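Enquirer: Dropping a structure here in structure tokens format, bear with me for questions.
Number of protein chains: 2
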Amino acid sequence: MELEFLGTGAGVPSKGRNVSSTALKMLDERNEVWLFDVGEATQHQILRTTIRPRKIAKIFITHLHGDHIFGLPGLLASRANQGGTSPLEIYGPVGIKEFVETSLRVTGSKLNYRIKYIELKTGGEVFNDKTFSVYAGKLKHRITCYGYRVVEKPRTGELLVDELKKYNIPNGPIFGQLKAGKIVKLEDGTELNGQDFIGPDKPSKVVTIISDTRYTPEIDKLSQDADVIVHESTFSNDEKQLAYNYFHSTATSAAEVAKKCNAKGLLLTHISARYTGKGSLILQKEAQKVFKNTKVVNDFDIYEVPFKI
Amino acid sequence: MELEFLGTGAGVPSKGRNVSSTALKMLDERNEVWLFDVGEATQHQILRTTIRPRKIAKIFITHLHGDHIFGLPGLLASRANQGGTSPLEIYGPVGIKEFVETSLRVTGSKLNYRIKYIELKTGGEVFNDKTFSVYAGKLKHRITCYGYRVVEKPRTGELLVDELKKYNIPNGPIFGQLKAGKIVKLEDGTELNGQDFIGPDKPSKVVTIISDTRYTPEIDKLSQDADVIVHESTFSNDEKQLAYNYFHSTATSAAEVAKKCNAKGLLLTHISARYTGKGSLILQKEAQKVFKNTKVVNDFDIYEVPFKI
Ligand SMILES: [Zn+2]
Ligand SMILES: [Zn+2]
Numbered sequence: 154m155e156l157e158f159l160g161t162g163a164g165v166p167s168k169g170r171n172v173s174s175t176a177l178k179m180l181d182e183r184n185e186v187w188l189f190d191v192g193e194a195t196q197h198q199i200l201r202t203t204i205r206p207r208k209i210a211k212i213f214i215t216h217l218h219g220d221h222i223f224g225l226p227g228l229l230a231s232r233a234n235q236g237g238t239s240p241l242e243i244y245g246p247v248g249i250k251e252f253v254e255t256s257l258r259v260t261g262s263k264l265n266y267r268i269k270y271i272e273l274k275t276g277g278e279v280f281n282d283k284t285f286s287v288y289a290g291k292l293k294h295r296i297t298c299y300g301y302r303v304v305e306k307p308r309t310g311e312l313l314v315d316e317l318k319k320y321n322i323p324n325g326p327i328f329g330q331l332k333a334g335k336i337v338k339l340e341d342g343t344e345l346n347g348q349d350f351i352g353p354d355k356p357s358k359v360v361t362i363i364s365d366t367r368y369t370p371e372i373d374k375l376s377q378d379a380d381v382i383v384h385e386s387t388f389s390n391d392e393k394q395l396a397y398n399y400f401h402s403t404a405t406s407a408a409e410v411a412k413k414c415n416a417k418g419l420l421l422t423h424i425s426a427r428y429t430g431k432g433s434l435i436l437q438k439e440a441q442k443v444f445k446n447t448k449v450v451n452d453f454d455i456y457e458v459p460f461k462i
Numbered sequence: 154m155e156l157e158f159l160g161t162g163a164g165v166p167s168k169g170r171n172v173s174s175t176a177l178k179m180l181d182e183r184n185e186v187w188l189f190d191v192g193e194a195t196q197h198q199i200l201r202t203t204i205r206p207r208k209i210a211k212i213f214i215t216h217l218h219g220d221h222i223f224g225l226p227g228l229l230a231s232r233a234n235q236g237g238t239s240p241l242e243i244y245g246p247v248g249i250k251e252f253v254e255t256s257l258r259v260t261g262s263k264l265n266y267r268i269k270y271i272e273l274k275t276g277g278e279v280f281n282d283k284t285f286s287v288y289a290g291k292l293k294h295r296i297t298c299y300g301y302r303v304v305e306k307p308r309t310g311e312l313l314v315d316e317l318k319k320y321n322i323p324n325g326p327i328f329g330q331l332k333a334g335k336i337v338k339l340e341d342g343t344e345l346n347g348q349d350f351i352g353p354d355k356p357s358k359v360v361t362i363i364s365d366t367r368y369t370p371e372i373d374k375l376s377q378d379a380d381v382i383v384h385e386s387t388f389s390n391d392e393k394q395l396a397y398n399y400f401h402s403t404a405t406s407a408a409e410v411a412k413k414c415n416a417k418g419l420l421l422t423h424i425s426a427r428y429t430g431k432g433s434l435i436l437q438k439e440a441q442k443v444f445k446n447t448k449v450v451n452d453f454d455i456y457e458v459p460f461k462i
């Protein structure tokens, strides 16, 4: 699982940072890419990466500000243009469907795939299948805004074949039964319980996306024990009051969340244009005083989940 | 008057060309910039030019395909963000208002300037003031599409002061009266007609914008005696049938228009991604066989009106 940052700036595009979009690449796990927000020119950014638009299976919108959604219609049209035919799910606050559907209707766009809209009226579990679940939680921005917590399901450990050697089990269905955790009776009468021969669960990962928001306790729920928290960090702690007034976070408040919630790593994004170039390292240093494993991300940065600086 | 090309590609953005947008810079004439189409990431392109978004006073949309309008909401929001307060006019086919207003409403955008929508139901004069007029004409694309003809008003010539010397006219209001074309009686009884002392009209310019279309006679009306025709040229003459099927033009058909209409110059844009890099010179050579003063334009090219290759 990897995070690739397609837009890491706040509000308006600048030469250094595009507006918001974060890709969660789950190629090994699901052969899919999920996007969190789609600011204008996200499809242009994707052109410079290895991401294939048709692999984008789910899009999670945090809130309906233009710098988080104006790239959506163009991306959807290009996904069709580039041969995407698999269905796409779009999660987000009420209104996202009207925006997308109006854009597609007015432009006479006919997509060759189906879009399913999941408009959120409240937080909670929004997706759940065999391998992953996703929870949304209401943040505290000027307009309705959701954070997301992506949770990989526990993955059953491997069958401990070495420990089974002494039983001289013939090749065949018995291994499968043991792996499924069943009780098996061998020819010599020995009973083996599969549960005793399965290794520990493989570590499953949690990724949390906290978009535009003031601090609110809901952030903690979304962030508990996360492998990576991607947290907006529009301002430094010097501008704490400004951050509060504009319903945004500081690098320090994001780091406090990561520490309190026992996260493994923190990636700061949604950086104000006032911190140009190396200026953004102020935010990183500030956060690292509270939570060491922190990075300020730049457009096109790729991070493994979890990561170590 | 200058043309600056912000997006010269067809359909979808590529690494080499962004989707459609053309700026007509009228800084000397009106201290304004007019845009023709606003594909996604036009505001990103503008970041790399000297164009100030608040100087954009009029936007002419040729048709409602996404590659010609998806940059509009973001540009409008950024224009406000960068201190634009002067009103803005948006011309285009019916539906452009719904698209823009839905985008602004859903995102809760409050602009600090007024937008006046001029939705066209037919061709004809769409704008007229002291110095310029603009005509729209219906082209032949898959959906309603307009070409535009921008006409500078004749500019009165200079007062021929040298020829007035012999009359020993005292400094003062008489010069102004003569310049205004009035009849003036001097102290010695001589009558002078201002009309006789005004030089020839200064050349006034015509710029024609022909967007996505098959050939149709309306193109000729829009293009007659133009200083510059900006003409879409998605395909080469080899792909004539493809161009026809997709309601597009070839380089050759654009050049034939320029020749027949006695234009001074032809700029080819909306280039298909199949003609990458130097490949687009095929289109230029092909057109030049018919009409010499032709260039295939690239993103960020700037041309004087008129231009000479
Ligand atoms: Zn934002
Ligand atoms: Zn087009």
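So the protein sequences, as listed, match chains A and B.
According to the numbering used here, the first sequence is numbered sequentially starting from 154.
According to the numbering used here, the second sequence is numbered sequentially starting from 154.
Where is the CB? At the ideal position from N, CA and C, for every residue including glycine.
Here the structure is a predicted model, which is why all the values come from computation and not from measurement.
(1) Which chain A residues are close to phenylalanine 223 of chain B, counting only those with a beta carbon under 7 Å from its beta carbon?
(2) Strictly below 9 Å CB to CB, what residues from chain B border glycine 162 of chain A?
(3) From the DSSP output, which residues share a beta bridge with proline 246 of chain B?
(4) Helix, strand or coil, according to DSSP, for serine 231 of chain A in the structure here?
(5) Can you find a CB in chain A that lies within less than 9 Å of the CB of glycine 248 of chain B?
(6) Residues of chain A with CB closer than 8 Å to the CB of histidine 197 of chain B, please, in chain order.
(7) Shorter than 9 Å from the beta carbon of phenylalanine 252 of chain A to some beta carbon of chain B?
(8) Is threonine 255 of chain B helix, strand or coil by DSSP?
(9) Going by other Cβ atoms of all chains shown within 10 Å of its Cβ, with 16 needed for buried, is serine 406 of chain B buried or exposed?
(10) Quick check on leucine 434 of chain A: does DSSP put it in helix, strand or coil?
(11) Please return the same chain residues whose Cβ sits closer than 8 Å to the Cβ of glutamate 344 of chain B, not counting the five positions on each side in sequence.
(12) What are the start and end residues of the alpha helix (DSSP H) that includes tyrosine 266 of chain A?
(13) As a quick exercise: from A:Ser357, A:Leu264 and A:Ile271, pick the residue whose alpha carbon is nearest that of methionine 179 of chain A.
(14) Are the segment 351-369 of chain B and the segment 305-320 of chain B touching by the rule of at least three beta carbon pairs closer than 8 Å?
(15) If you compare alpha carbons, which of B:Phe444, B:Phe213 and B:Asn184 is closest to threonine 175 of chain B?
(16) Any heavy atom of ligand 2 inside 8 Å of the beta-carbon of alanine 163 of chain B?
(17) May I ask you to check if the CB of histidine 384 of chain A is nearer than 8 Å to at least one heavy atom of ligand 1?
(18) If you measure between the beta carbons of alanine 404 of chain B and glutamate 439 of chain B, is that distance less than 9 Å?
(19) Does the Cβ-Cβ distance between valine 359 of chain B and valine 443 of chain B come in under 9 Å?
(20) Would the C-beta of serine 364 of chain B count as close to ligand 2, meaning under 8 Å from any of its heavy atoms?
(21) Could you tell me the distance, in whole angstroms, from the CA atom of alanine 194 of chain A to the CA atom of asparagine 171 of chain A?
(22) What number of angstroms, rounded off, separates the C-alpha of valine 191 of chain B from the C-alpha of glycine 329 of chain A?
(23) Counting Cβ pairs closer than 8 Å, one from the segment 197-210 of chain B and one from the segment 244-258 of chain B, do we hit at least three?
(24) From leucine 273 of chain A to valine 314 of chain A, what does the alpha carbon distance come to, in whole angstroms?
(25) Within 8 Å, do at least three Cβ pairs link the segment 420-437 of chain B to the segment 377-389 of chain B?
(26) Report back the beta-carbon spacing between leucine 229 of chain B and leucine 200 of chain B to the nearest angstrom; my notes put them in contact at under 8 Å.
(27) Please classify glutamine 235 of chain B: is it buried, with 16 or more other beta-carbons within 10 angstroms of its beta-carbon, or exposed?
(28) Can you round the beta-carbon distance between leucine 177 of chain A and leucine 156 of chain A to whole angstroms, since I take them to be within the 8 Å contact cut?
(29) My understanding is that leucine 159 of chain A touches glutamine 198 of chain A, with C-beta atoms under 8 Å, so please give their C-beta distance in whole angstroms.
(30) Since tyrosine 299 of chain A and glycine 276 of chain A should fall inside the 8 Å C-beta cutoff, what is the C-beta to C-beta distance between them, to a whole number of angstroms?
(31) Mind checking the segment 254-270 of chain A against chain B and listing, in chain order, the residues whose C-beta falls within less than 9 Å of any C-beta there?
(32) By Cβ distance below 6 Å, which residues in the same chain neighbour valine 449 of chain B in space, the five residues on each side in sequence not counted?
(33) Tell me, please, whether the CB atom of asparagine 234 of chain A is closer than 9 Å to any CB atom in chain B?
(34) Report the option in B:Gln441, B:Phe400, B:Ala411 and B:Ala210 whose CA atom is closest to the CA atom of glutamate 242 of chain B.
(35) Serine 286 of chain B by DSSP, collapsed to three states: which one?
(36) Bridge partners of arginine 367 of chain A, per DSSP?
Expert: Checking against the coordinates, here is how it stands:
(1) Along the second sequence, one-based indexing puts residue 223 of chain B at 70. The answer, in chain order, is Pro226 and Gly227.
(2) Residue numbering aside, residue 162 of chain A sits at position 9 when the first sequence is read from its first letter. Those do not exist, as glycine 162 of chain A stays about 11 Å from chain B at its closest Cβ, beyond 9 Å.
(3) Against the second sequence, residue 246 of chain B aligns to sequence position 93. Beta-bridge pairing links proline 246 of chain B to B:Leu273.
(4) On the first sequence, residue 231 of chain A is found 78 positions in, with the first residue counted as 1. Helix.
(5) Walking along the second sequence from the start, residue 248 of chain B turns up at place 95. Yes - at least one Cβ of chain A is within 9 Å of the one on glycine 248 of chain B.
(6) Taking the first residue of the second sequence as 1, we reach residue 197 of chain B at position 44. By Cβ distance, chain A contributes Pro166, Asn171, Glu193, Ala194 and His197.
(7) Along the first sequence, read from residue 1 onward, the residue named residue 252 of chain A stands at position 99. It does: the Cβ of phenylalanine 252 of chain A has a partner Cβ on chain B nearer than 9 Å.
(8) Working through the second sequence from its first residue, we reach residue 255 of chain B at position 102. DSSP places threonine 255 of chain B in helix when its eight states are reduced to three.
(9) Mapped onto the second sequence, residue 406 of chain B falls at position 253. Buried is the call here.
(10) As a working mapping, residue 434 of chain A is identified with position 281 in the first sequence. Reduced to three states, the DSSP call for leucine 434 of chain A is helix.
(11) Working through the second sequence from its first residue, we reach residue 344 of chain B at position 191. Cβ within range, chain order: Ile336, Val337 and Lys338.
(12) As a first step, residue 266 of chain A must be located in the first sequence, where it is residue number 113. Tyrosine 266 of chain A -> no alpha helix (DSSP H), and no H or E assigned at all.
(13) As a first step, residue 179 of chain A is located in the first sequence; it is residue number 26 there, counting from the start. Nearest C-alpha to methionine 179 of chain A: A:Ser357.
(14) yes
(15) The sequence position of residue 175 of chain B within the second sequence is 22, counting from 1. Nearest option by C-alpha distance: B:Phe213.
(16) Taking the second sequence and counting its residues from 1, the one referred to as residue 163 of chain B is at position 10. True, at least one ligand heavy atom lies under 8 Å from that Cβ.
(17) Here residue 384 of chain A is taken as the residue at index 231 of the first sequence, counted from 1. Histidine 384 of chain A Cβ: outside cutoff for every heavy atom of ligand 1.
(18) In the second sequence, the residue the question calls residue 404 of chain B occupies position 251. In the second sequence, the residue the question calls residue 439 of chain B occupies position 286. Cβ atoms of alanine 404 of chain B and glutamate 439 of chain B: closer than 9 Å.
(19) Residue numbering aside, residue 359 of chain B sits at position 206 when the second sequence is read from its first letter. Residue numbering aside, residue 443 of chain B sits at position 290 when the second sequence is read from its first letter. Going by C-beta atoms, valine 359 of chain B is not nearer than 9 Å to valine 443 of chain B.
(20) Mapped onto the second sequence, residue 364 of chain B falls at position 211. Yes - ligand 2 has a heavy atom lying nearer than 8 Å to the Cβ of serine 364 of chain B.
(21) Here residue 194 of chain A corresponds to residue number 41 of the first sequence, with the count starting at 1. Here residue 171 of chain A corresponds to residue number 18 of the first sequence, with the count starting at 1. So the alpha carbons of these two residues sit roughly 8 Å apart.
(22) Position 38 of the second sequence, counted from the start, is the residue given in the question as residue 191 of chain B. Position 176 of the first sequence, counted from the start, is the residue given in the question as residue 329 of chain A. Distance between the alpha carbons of valine 191 of chain B and glycine 329 of chain A: 60 Å.
(23) no
(24) On the first sequence, position 120 is the one that residue 273 of chain A refers to. On the first sequence, position 161 is the one that residue 314 of chain A refers to. Rounded to the nearest angstrom, the two C-alpha atoms are 46 Å apart.
(25) yes
(26) Taking the first residue of the second sequence as 1, we reach residue 229 of chain B at position 76. Taking the first residue of the second sequence as 1, we reach residue 200 of chain B at position 47. No, leucine 229 of chain B and leucine 200 of chain B are not in contact; Cβ-Cβ is about 15 Å, not under 8 Å.
(27) Here residue 235 of chain B refers to the residue found at position 82 of the second sequence. Looking at its Cβ environment, which holds fewer than 16 other Cβ atoms inside 10 Å, glutamine 235 of chain B is exposed.
(28) Here residue 177 of chain A refers to the residue found at position 24 of the first sequence. Here residue 156 of chain A refers to the residue found at position 3 of the first sequence. Contact holds; Cβ gap of about 6 Å.
(29) What you label residue 159 of chain A is simply residue 6 of the first sequence in a count that begins at 1. What you label residue 198 of chain A is simply residue 45 of the first sequence in a count that begins at 1. At roughly 4 Å, the Cβ-Cβ gap stays under 8 Å, so leucine 159 of chain A and glutamine 198 of chain A are in contact.
(30) Here residue 299 of chain A is taken as the residue at index 146 of the first sequence, counted from 1. Here residue 276 of chain A is taken as the residue at index 123 of the first sequence, counted from 1. That belief holds up - the Cβ atoms of tyrosine 299 of chain A and glycine 276 of chain A are roughly 7 Å apart, short of 8 Å.
(31) Thr255, Ser256, Leu257, Arg258, Val259, Thr260, Gly261 and Ser262
(32) The residue given as residue 449 of chain B occupies position 296 in the second sequence. Excluding positions up to five away in sequence, the list reads Leu421, Ser433, Leu436 and Gln437.
(33) Here residue 234 of chain A corresponds to residue number 81 of the first sequence, with the count starting at 1. Yes, because at least one Cβ of chain B sits closer than 9 Å to the Cβ of asparagine 234 of chain A.
(34) Counting from 1 along the second sequence, the entry for residue 242 of chain B is found at position 89. Measuring from the Cα of glutamate 242 of chain B, the nearest candidate turns out to be B:Ala210.
(35) Here residue 286 of chain B refers to the residue found at position 133 of the second sequence. Serine 286 of chain B: strand per DSSP, three-state reduction.
(36) Numbered from its first residue, the first sequence carries residue 367 of chain A at position 214. DSSP lists A:Lys293 as partners of arginine 367 of chain A.
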